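Residue numbers for the sequence shown follow the working numbering, so the first one is 548 and each next one is one higher. Just so you know, even glycine gets a beta-carbon here, dropped at the ideal spot from N, CA and C. What you are looking at is a predicted structure, and each value in this text was computed from that prediction instead of being measured. First the structure, in the form of structure tokens, and then the observations on it.
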Amino acid sequence: VLTGATDIGADIADADLLLIDDGAGGTLRKTTAARIKTYIGAGTNTPAFAAYATDDQASLSDNTWVKLTMQAEFFDSDGKYNTSNYRFTPTVAGKYMFGANVYIDGSQTVDSAGLAFYKNGTKVFFQIENVDAHTSHALTAVIDLDADDYVELYGYADIASSGTWAMNMDGTTTNNRAFWFGYKLIT
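Structural data, given as structure tokens:
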């Protein structure tokens, strides 16, 4: 007879065995706490980071994909974002959600502009849209990464009369329009 009258007062460990009624006739099934966690998707969304620009990045070449310099962090759960080379290297394999928002302006009319995520130096997801002004651009993507892969954020603009373009951060830590983030998905 199971009564549940004894509480040992300790946290449940992954190896602990649990008895569950199968709901189909009163049969008790035995499983581990770890297996239940797997079924419900328990886990953490780390490593995770969010970085932002502390300065405008100006005089960028027309019709050229340029790595965007996000020099500071809102947070970095495991120290995986490098503020010197602007790369996220997770060191943990998995599927990662990335997002970015950047305001782009130009020395002349901006004909088109966009953002891209580069994985190990190769453009893997991007968007370019035709515009006729200075605009804000956003991009999200899920990228499958190995432990040693890295991801970087790039920007692009086609400026009328071969002008130059800029990533315009126009703000502070709490008011910034140039940022990106990434985090491991629980799978």
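Neighbourhood of residue i by C-beta distance below 6 Å, restricted to the same chain and skipping five residues each side
{"i": "residue 572", "result": "none"}
{"i": "residue 735", "result": "Beyond the ends of the chain as shown, which are 548 and 734, falls residue 735; an answer cannot be given."}
{"i": "residue 708", "result": "655"}
Close-in-space but distant-in-sequence residues of the same chain around residue i (CB under 8 Å, 5 per side omitted)
{"i": "residue 611", "result": "703"}
{"i": "residue 561", "result": "579, 580, 581, 584"}
{"i": "residue 620", "result": "596, 597, 598, 599, 628, 630"}
{"i": "residue 666", "result": "690, 692, 696, 697, 698"}
{"i": "residue 634", "result": "628, 697, 698, 699"}
Through-space distance from residue j to residue i, alpha-carbon basis
{"i": "residue 693", "j": "residue 686", "result": "22 Å"}
{"i": "residue 651", "j": "residue 592", "result": "30 Å"}
{"i": "residue 575", "j": "residue 565", "result": "10 Å"}
{"i": "residue 613", "j": "residue 607", "result": "7 Å"}
{"i": "residue 577", "j": "residue 567", "result": "6 Å"}
{"i": "residue 724", "j": "residue 601", "result": "10 Å"}
{"i": "residue 731", "j": "residue 641", "result": "7 Å"}
{"i": "residue 632", "j": "residue 586", "result": "38 Å"}
{"i": "residue 705", "j": "residue 681", "result": "11 Å"}
{"i": "residue 734", "j": "residue 594", "result": "14 Å"}
{"i": "residue 617", "j": "residue 639", "result": "22 Å"}
{"i": "residue 569", "j": "residue 556", "result": "26 Å"}
DSSP state of residue i mapped onto helix, strand, coil
{"i": "residue 585", "result": "helix"}
{"i": "residue 725", "result": "coil"}
{"i": "residue 647", "result": "strand"}
{"i": "residue 737", "result": "Absent from the structure is residue 737, since the part of the chain shown begins at 548 and ends at 734."}
{"i": "residue 640", "result": "coil"}
{"i": "residue 680", "result": "coil"}
{"i": "residue 617", "result": "coil"}
{"i": "residue 670", "result": "strand"}
{"i": "residue 659", "result": "strand"}
{"i": "residue 732", "result": "coil"}
Neighbourhood of residue i by C-beta, 7 Å cutoff - its chain only, sequence neighbours within 5 removed
{"i": "residue 661", "result": "673, 674, 675, 676, 684, 703"}
{"i": "residue 559", "result": "580"}
{"i": "residue 603", "result": "713, 714, 715, 716"}
{"i": "residue 605", "result": "713"}
Inset, instruction - Inspect the CB distances between the stretch 704 to 712 and the stretch 638 to 646 and report whether three or more fall short of 8 Å. - result: no
Legend entry - the stretch 652 to 661 contacting the stretch 625 to 642, beta-carbon criterion three pairs below 8 Å: no
Inset, instruction - Pick out the complete beta strand (DSSP E) segments inside the stretch 557 to 615, 3 residues or longer, and give them in chain order. - result: Here the runs fully enclosed are 564 to 568, 575 to 579, 595 to 599, 604 to 607.
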